[in-house]
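Shown next, in structure tokens, is the structure this report addresses.
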Amino acid sequence: MSQSATAMLSVHDITWGYSSHHSPILKNLSFSLPQGALCMILGANGAGKSTLLKLLANKLSCQQGYVSRGGDIAFVPQRTTVSLAVSVYETVLVGRAAHVGLLRAPNHQDYRICEQALGRVGLQHMASREFSSLSGGEQQLVLMAQALASEARIILLDEVTAAMDWRNQATILRLLQDLARQDYTISFITHSPQHVLDFATHCLLMFPEGDWAFGSPSKIITDATLSRLYRLPVRCAEIEDRWVVIPQFTHQQGVPIP
Numbered sequence: 001m002s003q004s005a006t007a008m009l010s011v012h013d014i015t016w017g018y019s020s021h022h023s024p025i026l027k028n029l030s031f032s033l034p035q036g037a038l039c040m041i042l043g044a045n046g047a048g049k050s051t052l053l054k055l056l057a058n059k060l061s062c063q064q065g066y067v068s069r070g071g072d073i074a075f076v077p078q079r080t081t082v083s084l085a086v087s088v089y090e091t092v093l094v095g096r097a098a099h100v101g102l103l104r105a106p107n108h109q110d111y112r113i114c115e116q117a118l119g120r121v122g123l124q125h126m127a128s129r130e131f132s133s134l135s136g137g138e139q140q141l142v143l144m145a146q147a148l149a150s151e152a153r154i155i156l157l158d159e160v161t162a163a164m165d166w167r168n169q170a171t172i173l174r175l176l177q178d179l180a181r182q183d184y185t186i187s188f189i190t191h192s193p194q195h196v197l198d199f200a201t202h203c204l205l206m207f208p209e210g211d212w213a214f215g216s217p218s219k220i221i222t223d224a225t226l227s228r229l230y231r232l233p234v235r236c237a238e239i240e241d242r243w244v245v246i247p248q249f250t251h252q253q254g255v256p257i258p
């Protein structure tokens, strides 16, 4: 991470709810991410993770509080709405739209950047394939390449590893780690606490009742916080010099569910 602690993404006292008749899903949320941060967001279903990411990306308006952004943002959604018969390469080229504009066609530099982006996600050999013919995990890698092609320095990702096998998960996670080391600022929703322990520099825990915790993974990823987060017994253990997360999926007599 850069020696500079310049804040690239800051959340200031955000409260957000779907209606005045229901409790807000985000309550007085505040945190700040510097250049080079790889922040992973953990939370139970319905805790407001995707809503938060849309607020960060300015796809939703804040009801209370505000978001400060220190650069352009690329947003990689959980699901894609691309249904046209376009190629993988053409899908990535969409990421250059802000640079190309309406008055010129893509040039050699735009094409080179797209080729490099596809190479970084390991899909250059699929450039001519129709995007809709790819698996869900492969489509997410293409959308990641599209984000890279945009040259935005802040990247937001909504559960992009959900449809990926372990190999493709490793590809995207290692890439995100490399980007953070190059001073990109990244916020990434995941359902895997192990991802947090292995890769994240920062972590945001979003509890079902609207409470939250933010900090370094080594400080806030604990048996107690994960058990509370998932309402399931969870243990963190050091195995061969690596911390691993062990959820108790099976019921054991005498062990209460938190």
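Residue numbers (UniProt numbering): 1 to 258. No residue lacks a Cβ here, since even glycine has one placed at the ideal position from N, Cα and C.
For the alpha helix (DSSP H) containing residue i, list its first residue and its last residue.
| i | result |
| --- | --- |
| Arg181 | Trp166 to Arg181 |
| Met144 | Gly136 to Ala149 |
| Glu130 | Note, Glu130: premise wrong, no alpha helix (DSSP H); not H, not E. |
| Ala237 | Careful: Ala237 lies outside any alpha helix (DSSP H), inside the beta strand (DSSP E) at Val234 to Ile239. |
| Ala85 | Ala85 -> no alpha helix (DSSP H), and no H or E assigned at all. |
| Ile113 | His108 to Arg120 |
| Ala152 | Unbroken run through Ala152: none, as it is neither H nor E. |
| Ala224 | Asp223 to Tyr230 |
| Thr51 | Lys49 to Leu56 |
Taking the alpha-carbon of residue i as reference, which of the options has the nearest alpha-carbon?
| i | options | result |
| --- | --- | --- |
| Thr222 | Trp212, Ala200, Gln116 and Val234 | Val234 |
| Ala85 | Gly215, Cys62, His195 and Ser128 | Ser128 |
| Ala117 | Ala147, Thr80, Leu52 and Ile220 | Ala147 |
| Tyr230 | Ile239, Pro208 and Ser61 | Pro208 |
| Asp183 | Gly70, Ser50 and Leu26 | Gly70 |
| Cys39 | Leu205, Asp211 and Tyr18 | Leu205 |
| Leu143 | His125, Ala105, Val92 and Arg181 | Val92 |
| Val100 | Ser150, Asp72, Leu232 and Gly36 | Ser150 |
| Ile73 | Leu55, Tyr66 and Arg79 | Leu55 |
| Val11 | Pro34, Thr250 and Leu226 | Pro34 |
| Gly36 | Thr6, Ala180 and Pro247 | Ala180 |
| Tyr66 | Asp110, Tyr89, Ala44 and Lys27 | Lys27 |
Name the one or two DSSP bridge partners that residue i has.
| i | result |
| --- | --- |
| Asp158 | Ile189 |
| Phe199 | Phe199 pairs with nothing; no bridge assigned. |
| Cys39 | Ser187 and His202 |
| Val76 | Leu157 |
| Ser68 | Ser10 |
Can you tell me the Cβ-Cβ gap for residue i and residue j, rounded? I've got them flagged as a contact below 8 Å.
| i | j | result |
| --- | --- | --- |
| Ile186 | Leu176 | 5 Å |
| Phe131 | Ser87 | 7 Å |
| Asp178 | Pro77 | Not quite, the Cβ-Cβ distance comes to about 22 Å (not below 8 Å), so this is no contact. |
Which residue comes first and which comes last in the beta strand (DSSP E) that contains residue i?
| i | result |
| --- | --- |
| Arg242 | Arg242 to Pro247 |
| His12 | Ala7 to Trp16 |
| residue 260 | Here the chain has residues from 1 to 258 only, and residue 260 is not among them. |
| Val94 | Looking at the DSSP string, Val94 is not in any beta strand (DSSP E), and its letter there is neither H nor E. |
| Ala213 | Trp212 to Gly215 |
**Asked** Does the stretch 167 to 180 come close enough to the stretch 112 to 127 to have 3 or more Cβ pairs within less than 8 Å?
**Response** At 8 Å Cβ cutoff, the stretches touch.
**Message:** Assess contact between the stretch 155 to 170 and the stretch 15 to 31, defined as three or more Cβ pairs (one per stretch) separated by less than 8 Å. Is contact present?
**Reply:** no
**Message:** Measuring CB atoms only, is the stretch 35 to 50 touching the stretch 60 to 67, in the sense that at least three cross pairs come out at less than 8 Å?
**Reply:** no
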